[in-house]
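Working notes, structure below.
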Amino acid sequence: MSKNLAFEEPVVQLREKIDELKTIAADADVDMTGEIEKLETRLTQLEQSIYANMKPWDRVQVARHPERPTTLQYIEAMCENFIELHGDRTFGDDAAILGGIALFEGQPVTIIGHQRGKSTKENIRRNFGMPHPEGYRKALRLMKQAEKFNRPIICFIDTKGAYPGKAAEERGQSEAIARNLVEMAGLSVPVISIVIGEGGSGGALALGVANRVFMLENSTYSVISPEGAASILWRDGSLAKQAAEAMRITAPDLKELGVIDGIIPEITGGAHRNVAKQAIYIKECISDTLKALNSLNGEQLIEDRYEKFKKIGQYTEV
Amino acid sequence: MAIRDIFSANRKKKQDGQEKAFPEGLMTKCPECRHIQLTKELEKHHKVCTKCGHHFKMTAQERVADFLDEGSFVSMDDHLQTSNPLNFPAYVEKINADQQKTGLNEAVLTGLGTLDGEEIVVAIMDSHFRMGSMGSVVGEKITRAVEKATALRVPFIIFTASGGARMQEGVLSLMQMAKTSVALKRHSDQGLLFISILTHPTTGGVSASFASVGDINIAEPQALIGFAGRRVIEETVREKLPNDFQTAEFLLEHGQLDAIFHRKDLRKQVAVLVKMHTKGGVQHV
Ligand SMILES: [Zn+2]
Ligand SMILES: [Zn+2]
Numbered sequence: 001m002s003k004n005l006a007f008e009e010p011v012v013q014l015r016e017k018i019d020e021l022k023t024i025a026a027d028a029d030v031d032m033t034g035e036i037e038k039l040e041t042r043l044t045q046l047e048q049s050i051y052a053n054m055k056p057w058d059r060v061q062v063a064r065h066p067e068r069p070t071t072l073q074y075i076e077a078m079c080e081n082f083i084e085l086h087g088d089r090t091f092g093d094d095a096a097i098l099g100g101i102a103l104f105e106g107q108p109v110t111i112i113g114h115q116r117g118k119s120t121k122e123n124i125r126r127n128f129g130m131p132h133p134e135g136y137r138k139a140l141r142l143m144k145q146a147e148k149f150n151r152p153i154i155c156f157i158d159t160k161g162a163y164p165g166k167a168a169e170e171r172g173q174s175e176a177i178a179r180n181l182v183e184m185a186g187l188s189v190p191v192i193s194i195v196i197g198e199g200g201s202g203g204a205l206a207l208g209v210a211n212r213v214f215m216l217e218n219s220t221y222s223v224i225s226p227e228g229a230a231s232i233l234w235r236d237g238s239l240a241k242q243a244a245e246a247m248r249i250t251a252p253d254l255k256e257l258g259v260i261d262g263i264i265p266e267i268t269g270g271a272h273r274n275v276a277k278q279a280i281y282i283k284e285c286i287s288d289t290l291k292a293l294n295s296l297n298g299e300q301l302i303e304d305r306y307e308k309f310k311k312i313g314q315y316t317e318v
Numbered sequence: 001m002a003i004r005d006i007f008s009a010n011r012k013k014k015q016d017g018q019e020k021a022f023p024e025g026l027m028t029k030c031p032e033c034r035h036i037q038l039t040k041e042l043e044k045h046h047k048v049c050t051k052c053g054h055h056f057k058m059t060a061q062e063r064v065a066d067f068l069d070e071g072s073f074v075s076m077d078d079h080l081q082t083s084n085p086l087n088f089p090a091y092v093e094k095i096n097a098d099q100q101k102t103g104l105n106e107a108v109l110t111g112l113g114t115l116d117g118e119e120i121v122v123a124i125m126d127s128h129f130r131m132g133s134m135g136s137v138v139g140e141k142i143t144r145a146v147e148k149a150t151a152l153r154v155p156f157i158i159f160t161a162s163g164g165a166r167m168q169e170g171v172l173s174l175m176q177m178a179k180t181s182v183a184l185k186r187h188s189d190q191g192l193l194f195i196s197i198l199t200h201p202t203t204g205g206v207s208a209s210f211a212s213v214g215d216i217n218i219a220e221p222q223a224l225i226g227f228a229g230r231r232v233i234e235e236t237v238r239e240k241l242p243n244d245f246q247t248a249e250f251l252l253e254h255g256q257l258d259a260i261f262h263r264k265d266l267r268k269q270v271a272v273l274v275k276m277h278t279k280g281g282v283q284h285v
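Chains as they are written, first to last, in full-length UniProt numbering: chain R, 1 to 318; chain G, 1 to 285.
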């Protein structure tokens with residue numbers, strides 16, 4: 001059973017009521033088809049109005065849902081022959097970032113993504129998807145490998161941010177992120193990045209200098225978490241809900257700000273409600289995008305990325 | 001006279017008293033060792049405390065005067081103006097106030113100049129402007145400066161000083177890290193030199209982008225440099241961090257910097273580095 005979120009409570013209650021009614025009708029052997037049908041129509045309407053009018057804070061809740069599908073689940077649903085490749089060859093293997101080679105519709109691709117855990121135990125092992133420098137350096141190693149063998153790169157972004165720890169600073173968290181930004185800029189193969197959950201700050205962007213950037217409908221991408229923004233802006237972390245609106249962190253916001261290229265629709269109620277079907281939506285997006293990008297040569301791909309990021313920002317010239 | 005006015009009159013009196021002890025501007029007190037020195041004397045020593053060696057923050061204009069050949073600097077893109085993409089209340093007013101205060105259009109001053117005769121493009125961040133935070137204009141000015149250096153085939157030198165992202169521009173601020181990076185990659189691919197000089201403080205998104213990817217990364221003594229804030233780290237790891245954590249010296253020891261130069265040597269040393277990268281390389285015919 002998936003955990004329900006506060007904003008979807010009316011839907012849950014109505015659904016429970018319908019189920020209850022069905023049980024009663026069956027037990028008492030009375031025909032209540034008309035009543036049930038009426039309620040089911042109302043349920044559909046209610047679902048549509050609630051999920052079509054999700055507030056930024058509602059989307060934050062969906063993006064953080066404990067059962068939200070992870071990088072690995074999408075890889076397994078979308079690709080064949082995924083082989084995970086480990087380690088940065090310098091320090092260690094960071095389980096908060098996962099990468100490897102797979103066949104995507106018959107084409108070899110390199111896939112890299114932040115990886116959260118599904119259980120507390122796995123989350124501890126994966127550091128809740130918050131990478132250390134060696135995670136970013138592994139990602140870069142795999143990107144350079146992809147470039148050598150002319151494979152497209154697909155990145156899944158799903159992190160609260162790079163880990164703010166002592167060891168991370170000692171080993172150069174800043175440099176690791178910065179290096180990825182610069183080196184991704186120069187990759188001569190197609191790069192597609194998709195924000196599938198939370199895209200938190202520089203730790204997310206370090207997998208995001210792509211030719212095309214997409215977001216799942218209920219994912220977020222931001223310079224700081226709503227809680228962090230609230231505590232800086234208003235010295236009150238409990239105003240996160242307001243900060244989520246003010247900071248403009250949802251997929252429609254980022255599309256409007258010209259930061260992302262497209263929004264991948266989500267299953268009604270969130271990706272966790274049907275991982276297999278959600279994976280198909282993502283697969284279609286990647287498939288179409290690869291078709292477009294595969295026709296560009298290395299130089300054109302680098303130029304394309306340059307133009308894309310050069311355009312981002314708002315200012316006036318007087 | 002209202003009570004509030006009496007208080008403010010008292011406060012004014014107090015301030016006046018202090019000003020008599022330290023005539024305004026004439027003397028400066030070192031925040032590190034509390035040594036009081038003649039401001040003129042301090043300026044003669046590149047704004048480094050004559051007693052303890054504390055490197056005072058510099059304004060962008062002071063840095064131009066201290067670092068470049070006299071009269072060589074020509075600024076670029078002073079006409080770019082910050083807009084308010086997320087419609088944050090009072091954002092434009094804050095920008096206007098800092099423009100008045102600093103004489104800059106934004107938190108970075110960019111332009112062309114010469115360093116011991118060598119032509120360079122320079123970007124100087126100024127932490128007196130919105131704590132040196134990076135919004136769209138800062139990102140655009142740095143990007144254009146890098147593009148200028150690429151077009152002229154000259155070294156690009158940046159002085160970083162920044163608290164990180166410009167909160168009021170949200171994700172657009174974050175994306176400036178990527179924008180400046182694509183420009184730096186193009187400059188680098190042309191075989192051109194990029195020297196990053198990290199000054200106090202260089203943290204957050206600026207630390208995690210251009211500041212850390214110079215061909216040569218130099219810092220000033222004791223500069224605070226890091227990705228995450230000290231308090232955030234202490235709360236996360238629940239341990240007390242060493243006193244020198246995230247100082248230039250700490251980074252040097254952990255292999256994150258090429259060198260730390262005292263400000264009195266900085267101009268000379270960087271000039272030598274620039275000359276070694278513009279002359280005398282092996283010529284493949
Ligand atoms: Zn001193
Ligand atoms: Zn020269």
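Using N, Cα and C, we set each Cβ at its ideal position, and we do this for glycine too. In this text the structure is predicted, and so the values were computed from the model without any measurement.
DSSP links R212 (chain R) through a beta bridge to R:I192.
The alpha-carbon separation between K141 (chain G) and N4 (chain R) amounts to approximately 47 Å. Interface with chain G (8 Å Cβ-Cβ cutoff): P10 (chain R) is excluded. In this structure, ligand 1 has no non-hydrogen atom nearer than 7 Å to the beta-carbon of K255 (chain R). Annotation for L103 (chain R): C79, E80 and N81 place their beta carbon closer than 7 Å to its own, counting only its chain and skipping 5 residues before and after.
Distance between I177 (chain R) and A276 (chain R), taken at the CA atoms: about 32 Å. Membership of C285 (chain R) in any beta strand (DSSP E) is not indicated; the residue belongs instead to the alpha helix (DSSP H) covering V275 to L293.
Minimum Cα-Cα distance from L112 (chain G) among the listed residues G:L86, G:G103 and G:V64 corresponds to G:V64.
Distance between K118 (chain R) and D116 (chain G), taken at the CA atoms: about 59 Å.
Going by C-alpha positions, H187 (chain G) is about 21 Å away from M143 (chain R).
Straight across, the Cα-Cα distance linking I154 (chain R) with I263 (chain R) is about 16 Å. Chain-ordered, the chain G residues with CB closer than 9 Å to the CB of Y221 (chain R) read V171 and L174. Taking 8 Å as the threshold, the shortest C-beta distance from D98 (chain G) to chain R does not fall below it. Less than 8 Å divides the Cβ of A228 (chain G) from the Cβ of E169 (chain R).
Within the stretch 103-140 of chain G, the beta strand (DSSP E) runs of at least 3 residues that lie entirely inside it are, in chain order, 108-115 and 118-125. In summary, S162 (chain G) is buried, with 16 or more beta-carbon neighbours lying within 10 Å of its beta-carbon over all protein chains present. Within chain G, the residues A178, S181 and V182 have their CB atoms less than 8 Å from the CB of V209 (chain R), given in chain order.
When the five nearest sequence neighbours on each side are left out, the beta carbons in the same chain lying within less than 7 Å of the beta carbon of L46 (chain R) are those of P10, V11 and L14, in order along the chain. In terms of CA proximity to T114 (chain G), G:I157 leads the group G:E93, G:G53, G:H79 and G:I157. By a beta-carbon distance limit of 8 Å, G132 (chain G) contacts M125 (chain G). Their separation comes to about 5 Å. At a cut-off of 8 Å, the C-beta of F261 (chain G) has no neighbouring C-beta in chain R.
By the C-beta density criterion, L184 (chain G) is buried, having at least 16 other C-beta atoms within 10 angstroms. When secondary structure is reduced to three states using DSSP, F245 (chain G) falls in the coil class, being assigned neither helix nor strand. Residue R:L233 holds the alpha-carbon nearest to the alpha-carbon of P89 (chain G) among R:G92, R:I249, R:E8 and R:L233. For G255 (chain G), there is no enclosing beta strand (DSSP E), as DSSP marks it with neither H nor E. The stretch 250-264 of chain G makes contact with the stretch 212-232 of chain G: 3 or more CB pairs, one atom from each, lie closer than 8 Å. Inclusion of S209 (chain G) and S181 (chain G) in the CB contact set at 8 Å is warranted, their separation being smaller than that value. At least one CB atom of chain G sits nearer than 8 Å to the CB of F309 (chain R). Contact of Q242 (chain R) with chain G is not assigned, every C-beta pair being separated by 8 Å or more. The beta carbon of P164 (chain R) sits closer than 8 Å to some beta carbon of chain G. In the structure shown, Y163 (chain R) adopts coil according to DSSP, grouped into three states. For A240 (chain R), the three-state secondary structure derived from DSSP is helix. For H114 (chain R), the closest alpha carbon among the candidates R:G228, R:T70, R:A63 and R:S225 is that of R:T70. In the same chain as V60 (chain R), and ignoring 5 residues on each side of it, the C-beta atoms closer than 7 Å to its own belong to T220, P226 and A244, in chain order.
Distance from the CA atom of G203 (chain R) to the CA atom of A259 (chain G), rounded to whole angstroms, is 26 Å.
For Y315 (chain R), the chain G residues whose Cβ falls inside 7 Å of its Cβ are L80, Q81, T82, S83, S136, V137 and E140, in order along the chain.
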